[in-house]
Amino acid sequence: MKKFYLIGNWKMNPATQKQANQLALSILRGVNKLRTKNVEVVICPPFSFLEEVNKKLSRNVKLGAQDIFFEDSGAYTGEISPSMLRDVGVKYVIVGHSERRRFLNETNETINKKLKAVLKNKMTPILAIGEKEKEGQGSIQEIKDQLSFALDGLKTSEVKKIIFVYEPVWAISGGDKNHKAAEPNDVLGMKIFIKKILTDLYNKRLAENVPIIYGGSSNASNVKEFVYDGEMDGALPGSASLDAEEFIKMAQVLTGYK
Numbered sequence: 001m002k003k004f005y006l007i008g009n010w011k012m013n014p015a016t017q018k019q020a021n022q023l024a025l026s027i028l029r030g031v032n033k034l035r036t037k038n039v040e041v042v043i044c045p046p047f048s049f050l051e052e053v054n055k056k057l058s059r060n061v062k063l064g065a066q067d068i069f070f071e072d073s074g075a076y077t078g079e080i081s082p083s084m085l086r087d088v089g090v091k092y093v094i095v096g097h098s099e100r101r102r103f104l105n106e107t108n109e110t111i112n113k114k115l116k117a118v119l120k121n122k123m124t125p126i127l128a129i130g131e132k133e134k135e136g137q138g139s140i141q142e143i144k145d146q147l148s149f150a151l152d153g154l155k156t157s158e159v160k161k162i163i164f165v166y167e168p169v170w171a172i173s174g175g176d177k178n179h180k181a182a183e184p185n186d187v188l189g190m191k192i193f194i195k196k197i198l199t200d201l202y203n204k205r206l207a208e209n210v211p212i213i214y215g216g217s218s219n220a221s222n223v224k225e226f227v228y229d230g231e232m233d234g235a236l237p238g239s240a241s242l243d244a245e246e247f248i249k250m251a252q253v254l255t256g257y258k
């Protein structure tokens, strides 16, 4: 049976620890009722909620972080080290999300350092890549550059531990429920292209086996299209992960996929 990943990116939500605990518990209860052996469910709350949320979770729902710093310790005001994340139970870390690239000026070089820090500290990286514009040769080159720089210096044995996220920036809702997501054909075409790049950088076997999940707007209504027609290995929802019922429905869709 094919394995899927459903990774909830809570972003800067919810407002309080109490709300975060309630959301985590609601998701856990829903997931526990499903037979999700083929679906790895992960939630990524804000840093300040991680420790308390982890106390509510079980092996059916894993804890992820939305970012990381690449040094182990030191005079880096406002940053979170890999060991700090591991200490509170983090298993997965998102690296390279488009919002960090856009609003916090993250570069490909910084993302490469963060990726190495996650791997060094025995956590699973969730590497997001994606183009700003839907069409054009520049968009293709953008994806190629992001991958090449992010993976610079990494061995095959390290790259195979990464979950890749195709995150078309032009297809991210930003909380707008009426926003139109990418079409499955768009997603499939880019998945094929990403695998070609990975084949060129490493080898075909690695490219065929690493998971690539969808990071644009996704919900219970369209996730099946992305995993069936788009051949994605799961999804990284934002807004939908803040609604426990919606998020559980997404897990249910993936659980029922053969």
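Numbering-wise, the sequence shown is residues 1 to 258 according to the numbering used here.
Where is the CB? At the ideal position from N, CA and C, for every residue including glycine.
In this text the structure is predicted, and so the values were computed from the model without any measurement.
Tell me where the beta strand (DSSP E) around P125 begins and ends.
Counting along the chain, the beta strand (DSSP E) containing P125 begins and ends at 124-129.
When burial is assigned at 16 or more other CB atoms within 10 Å of the CB, is F49 buried or exposed?
Burial call: buried.
DSSP has Y76 in a bridge; who is on the other side?
BP columns for Y76 are empty, so no partner.
Could you tell me if G189 is buried or exposed, where buried requires 16 or more neighbouring beta carbons within 10 angstroms of its beta carbon?
Exposed, by the Cβ-count rule.
Less than 7 angstroms between C-beta atoms, sequence neighbours within five positions excluded: which residues of the same chain meet that for K249?
So the qualifying residues of the chain are A220.
What three-state label does DSSP hand F103 in the structure shown?
F103 falls in the helix class under three-state DSSP.
Whose C-alpha, out of S81, S98, A65, R101, is nearest the C-alpha of V90?
Of the candidates S81, S98, A65, R101, the one whose C-alpha sits nearest the C-alpha of V90 is A65.
Check for me: the beta strand (DSSP E) holding N209 runs from which residue to which?
Careful: N209 lies outside any beta strand (DSSP E), inside the alpha helix (DSSP H) at 204-209.
Check this for me: beta carbons of V227 and F4, under 9 angstroms apart or not?
Against a cut-off of 9 angstroms, the Cβ pair of F4 and V227 comes out as a contact.
So the candidates are I192, P45, K224, E225; which of them puts its Cα closest to the Cα of P211?
With distances taken between Cα atoms, P211 lies closest to I192.
Please go through the same chain and pick out, in chain order, the residues whose beta-carbon is closer than 7 angstroms to the beta-carbon of I111, but skip the five residues on each side of it.
Taken in chain order, the residues that qualify are V95, G96, A150.
On the criterion of 16 or more Cβ atoms from any shown chain inside 10 Å, does F103 qualify as buried, or is it exposed?
When all chains shown are included, F103 counts as exposed.
In whole angstroms, what is the alpha-carbon distance linking V253 and V223?
Whole-angstrom Cα-Cα distance: 8 angstroms.
Can at least three beta-carbon pairs, one atom from the segment 15-33 and one from the segment 240-247, be found at a separation below 8 angstroms?
Flag = yes, the segment 15-33 and the segment 240-247 touch.
In whole angstroms, what is the alpha-carbon distance linking T16 and F69?
The straight-line gap from Cα to Cα measures roughly 24 angstroms.
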